[in-house]
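Engineer:
2 protein chains.
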Amino acid sequence: MSIVVVGTMAFDAIKTPFGQTDKIIGGAATYIAYSASYFHKPINLVSIVGGDFDFAEMENLKSRGADTTGVEIKQDGKSFFWSGSYHMDMNSRDTLITDLNVLTEFNPILPESYQNSEFLLLGNIDPNLQLNVINQMSTRPKLIVLDTMNFWMDIMMDTFLEVIAKVDVLTINDSEARQLSGEYSLVKAANKILAMGPKYLIIKKGENGALLFHGNQVFSAPALPLEDVFDPTGAGDTFAGGFIGHLAKTGDISFDNMKRAIIYGSAMASFCVEKFGTERLKNLSEQEIANRVQEFVKLTNFDIAS
Amino acid sequence: MSIVVVGTMAFDAIKTPFGQTDKIIGGAATYIAYSASYFHKPINLVSIVGGDFDFAEMENLKSRGADTTGVEIKQDGKSFFWSGSYHMDMNSRDTLITDLNVLTEFNPILPESYQNSEFLLLGNIDPNLQLNVINQMSTRPKLIVLDTMNFWMDIMMDTFLEVIAKVDVLTINDSEARQLSGEYSLVKAANKILAMGPKYLIIKKGENGALLFHGNQVFSAPALPLEDVFDPTGAGDTFAGGFIGHLAKTGDISFDNMKRAIIYGSAMASFCVEKFGTERLKNLSEQEIANRVQEFVKLTNFDIAS
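Protein chains in written order, with the working numbering: chain A, 1 to 306; chain B, 1001 to 1306.
1) Pull up the CB-CB distance for residue 64 (chain A) and residue 92 (chain A), whole angstroms please, since I reckon it's below 8 Å.
2) Closer than 7 Å between beta carbons: that is the criterion. Which residues of the region 1170-1198 of chain B meet it against chain A?
3) Work out the CA separation of residue 1296 (chain B) and residue 1081 (chain B) for me, nearest whole Å.
4) List the endpoints of the continuous beta strand (DSSP E) containing residue 162 (chain A).
5) Counting C-beta neighbours from all protein chains within 10 Å, is the total for residue 1254 (chain B) 16 or more, i.e. buried, or is it exposed?
6) Taking a contact to mean a Cβ-Cβ separation below 8 Å, would you say residue 145 (chain A) touches residue 244 (chain A) in this structure?
7) Going along the chain, which residues of its own chain have a beta-carbon closer than 7 Å to the beta-carbon of residue 1259 (chain B), five neighbours each way excluded?
8) Can you pull the chain B neighbours of residue 226 (chain A), defined as C-beta to C-beta under 8 Å?
9) Considering only C-alpha positions, which residue in the set B:1048, B:1305 and B:1292 is nearest to residue 1105 (chain B)?
10) Determine the DSSP secondary structure at residue 1297 (chain B), reduced to helix, strand or coil.
11) Could you tell me whether any Cβ in chain A is nearer than 8 Å to the Cβ of residue 1260 (chain B)?
12) Measure the C-alpha to C-alpha separation of residue 1173 (chain B) and residue 1204 (chain B) and round it to an integer number of angstroms.
13) In chain order, what residues of the same chain lie with their CB nearer than 6 Å to the CB of residue 1209 (chain B), ignoring the 5 residues before and after it?
14) Assuming residue 249 (chain A) is part of the alpha helix (DSSP H), what are its boundary residues?
15) Does the count of Cβ pairs from the region 1116-1125 of chain B and the region 1007-1018 of chain B closer than 8 Å reach three?
16) In chain order, what residues of the region 71-95 of chain A put their CB closer than 8 Å to some CB of chain B?
17) Give the residues of chain B in contact with residue 211 (chain A), contact being defined as C-beta atoms less than 7 Å apart.
18) With a floor of 3 residues, list each beta strand (DSSP E) that falls wholly inside the region 143-219 of chain A, ordered by position along the chain.
19) Among residues of its own chain, excluding the 5 on either side of residue 1034 (chain B), which ones have a beta-carbon nearer than 6 Å to its beta-carbon?
20) So which residues of chain A does residue 1167 (chain B) contact, with C-beta pairs closer than 8 Å?
21) Any C-beta of chain A sitting closer than 8 Å to the C-beta of residue 949 (chain B)?
22) What does a CB cutoff of less than 6 Å around residue 159 (chain A) pick up in its chain, not counting 5 residues either side in sequence?
23) For residue 31 (chain A), report the span of its alpha helix (DSSP H) as first-last.
24) Can you tell me the Cβ-Cβ gap for residue 183 (chain A) and residue 150 (chain A), rounded? I've got them flagged as a contact below 8 Å.
25) By the 10 Å Cβ neighbour count, where 16 or more other Cβ atoms means buried, how is residue 1022 (chain B) classified, buried or exposed?
26) Examine the Cβ distances between the region 1096-1113 of chain B and the region 296-305 of chain A and report whether three or more of them are shorter than 8 Å.
27) Do you know whose CA, among A:237, A:103 and A:134, lies nearest residue 115 (chain A)'s CA?
28) Does DSSP put residue 89 (chain A) in a helix, in a strand, or in coil?
29) Compute the distance between the beta-carbons of residue 1163 (chain B) and residue 1131 (chain B), then report whether it is under 8 Å.
30) Just the Cα atoms here: how many angstroms apart are residue 1090 (chain B) and residue 1241 (chain B)?
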């Protein structure tokens, strides 16, 4: 089973209370690909970069199982660049620079070799492009997961609603769920959002974990309490990569397996935030991941006879 | 095994986005006693009220297993009165009125019949009074649990530190843990606070559940996602009551049993917020509580082979 991942590949410059970086590799598709690569290959990337991109990083992704046939390289363009500065609490940040560059020309074309992929993960981009990709799939994937953000609700709610109606799993954060539904209670918010089309809703709550809603079922996963969150950039994308990676690896999209996928995604996100950018995602061992997942088991496990 | 509960008994007038109450019964000891009464009796109360108190409520508490020998009644005084108004998010509130009344004269005297109680729960009151009660116990209880708030850190940090050094379990909320430790990371905060004396630290996170820290062990419990939080008043006290009630019922103060106690406490708190004041805590059935606890099992349960 293959995974198609559509999203940005970019440069980021990040400032946190612990330090700052020059331009390092970032973008949703990059984080997703690194994270998913620990579970399943191939990862069929659809993205766009400029001639200034770090092609050693691209090769590294390929060596980890990414297929970059669908990554358009605009030799005379510059890659998407984002710069941000995190506040002391790491839950809020200021965007310093957003240079869209080649992203303004992004017109994702699904390579023929990506057809029949069973898993499609649409990273946070213009909902028109997300729709466009769904429409290019000649066979509907077994599972479509879509990540997005409040920005698109603000400027193109109609298209936003059109695309989320076509997906299986929607991932947004708690404030976005409240904005989209107009409900403060996350249970009421989830009920309204599930009525908009997605069969599953994942509400990401940062250091407070994540909630998975499906029909009248709910699953709550904690985030791992960490001594330090060094850099939260990409944590949500890394979560999504682990989530879809586990589902693709097992081929099982039951609610019970989605719960496991959320734990794997959360474990991957807990690695991501330990270092700047994608650094911590490049050389994890299977044992490290297994140990981290067991930390989640210990963290949440209690025994009450039913 | 008996439980001694020291805390306020009061009148509250509460306004929420869903409605408002006249003066209804409240106070930490009241919520704790109602909640603990579903698990264990007797509950030896130490408190103070005025001649205006609702003595039918006092009789109701007695019928549920509360011993009120230690409740001083100042016939010519007025009971502590608090009035507050919750914001739409239910996580923040404005205090409208705080009339301490007889609470300014509170000098808790432990009745002889309460000696040798094995569980002591010190509700949120002046740390000097909490210390005073600990010193009156001729035999140190098996477990001392202390609940408190930022107010006491602000005005009497020395006494605050003196009393928390003497307890087994400290319960505070996340912002208080950050204030007390000077650390944003709750893991770092917990490590610093455990070094101040308590063997166990419970960090309450409202709708995001609670964390239990002990040595290098951590347990994360979610709050039950609810359609409506009708009135959060007393939820923390109700949590503490269920927590100590389960521990006293079982006599087991192991970390594993404290995890269960946190789930029972969380279940009781989830009932508390469904109606105004203590209303929902007055007529629960064993089956309702067991069903609610099973909702926590379903909410958190996932299965990954170790």
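Glycine is no exception: its CB is placed at the ideal position from the N, C-alpha and C atoms.
Note that the structure is a prediction, hence the values are computed from the model and not measured.
Structural biologist: Quick look at the numbers:
1) Counted from its first residue, the first sequence places residue 64 (chain A) at position 64. Counted from its first residue, the first sequence places residue 92 (chain A) at position 92. Not a contact, Cβ separation roughly 32 Å.
2) 1184, 1185, 1186, 1187 and 1188
3) By one-based count along the second sequence, residue 1081 (chain B) stands at place 81. By one-based count along the second sequence, residue 1296 (chain B) stands at place 296. Computed Cα separation, rounded: 34 Å.
4) What you label residue 162 (chain A) is simply residue 162 of the first sequence in a count that begins at 1. First-last for residue 162 (chain A): 157-164, but that is the alpha helix (DSSP H), not the beta strand (DSSP E).
5) Your numbering for residue 1254 (chain B) matches position 254 in the second sequence. Exposed.
6) To locate residue 145 (chain A), count along the first sequence from 1; it is residue 145. To locate residue 244 (chain A), count along the first sequence from 1; it is residue 244. Yes, the pair counts as a contact, with Cβ atoms nearer than the cut-off.
7) Start at 1 with the first residue of the second sequence, and residue 1259 (chain B) comes out as number 259. Closer than 7 Å at Cβ, skipping near neighbours: 1212 and 1219.
8) On the first sequence, residue 226 (chain A) is found 226 positions in, with the first residue counted as 1. Residues of chain B passing the Cβ test: 1185 and 1187.
9) What you label residue 1105 (chain B) is simply residue 105 of the second sequence in a count that begins at 1. Cα-wise, what sits closest to residue 1105 (chain B) is B:1048.
10) In the second sequence, residue 1297 (chain B) corresponds to position 297, counting from 1. Helix at residue 1297 (chain B).
11) As a first step, residue 1260 (chain B) must be located in the second sequence, where it is residue number 260. Chain A, which has a Cβ nearer than 8 Å to the Cβ of residue 1260 (chain B), makes this yes.
12) Here residue 1173 (chain B) refers to the residue found at position 173 of the second sequence. Here residue 1204 (chain B) refers to the residue found at position 204 of the second sequence. Those two C-alpha atoms are separated by around 4 Å.
13) In the second sequence, the residue the question calls residue 1209 (chain B) occupies position 209. Excluding positions up to five away in sequence, the list reads 1221, 1222 and 1223.
14) Position 249 of the first sequence, counted from the first residue, corresponds to residue 249 (chain A). Note, residue 249 (chain A): alpha helix (DSSP H), 235-250.
15) yes
16) 88, 89 and 90
17) Translated into positions along the first sequence, residue 211 (chain A) becomes position 211. Here the neighbours are 1225.
18) 143-147, 169-173, 200-204 and 210-214
19) Taking the first residue of the second sequence as 1, we reach residue 1034 (chain B) at position 34. Closer than 6 Å at Cβ, skipping near neighbours: 1278 and 1281.
20) Here residue 1167 (chain B) refers to the residue found at position 167 when the second sequence is read from its first residue. Going along chain A, no residue has its Cβ under 8 Å from residue 1167 (chain B), so there is no contact; the nearest lies around 22 Å.
21) In the structure as shown, chain B starts at 1001 and stops at 1306, and residue 949 (chain B) therefore has no counterpart that could be examined.
22) Here residue 159 (chain A) refers to the residue found at position 159 when the first sequence is read from its first residue. Excluding residues within five positions, the ones whose Cβ falls inside 6 Å are 127 and 128.
23) Locating residue 31 (chain A) in the first sequence gives position 31, where the first residue counts as 1. Looking at the DSSP string, the run of the alpha helix (DSSP H) that includes residue 31 (chain A) is 28-36.
24) Against the first sequence, residue 183 (chain A) aligns to sequence position 183. Against the first sequence, residue 150 (chain A) aligns to sequence position 150. Rounded, the Cβ-Cβ distance is 15 Å, inconsistent with contact.
25) As a first step, residue 1022 (chain B) is located in the second sequence; it is residue number 22 there, counting from the start. When all chains shown are included, residue 1022 (chain B) counts as exposed.
26) no
27) Reading the first sequence from its first residue, position 115 is the one you call residue 115 (chain A). Of the listed residues, the one whose Cα sits closest to residue 115 (chain A) is A:134.
28) Within the first sequence, the letter at position 89 stands for residue 89 (chain A). Note: residue 89 (chain A) maps to coil in three-state DSSP.
29) For the purposes of this step, residue 1163 (chain B) is taken as the residue at position 163 of the second sequence. For the purposes of this step, residue 1131 (chain B) is taken as the residue at position 131 of the second sequence. Cβ distance < 8 Å, so residue 1163 (chain B) and residue 1131 (chain B) count as in contact.
30) Taking the second sequence and counting its residues from 1, the one referred to as residue 1090 (chain B) is at position 90. Taking the second sequence and counting its residues from 1, the one referred to as residue 1241 (chain B) is at position 241. In a straight line, the C-alpha of residue 1090 (chain B) is about 21 Å away from that of residue 1241 (chain B).
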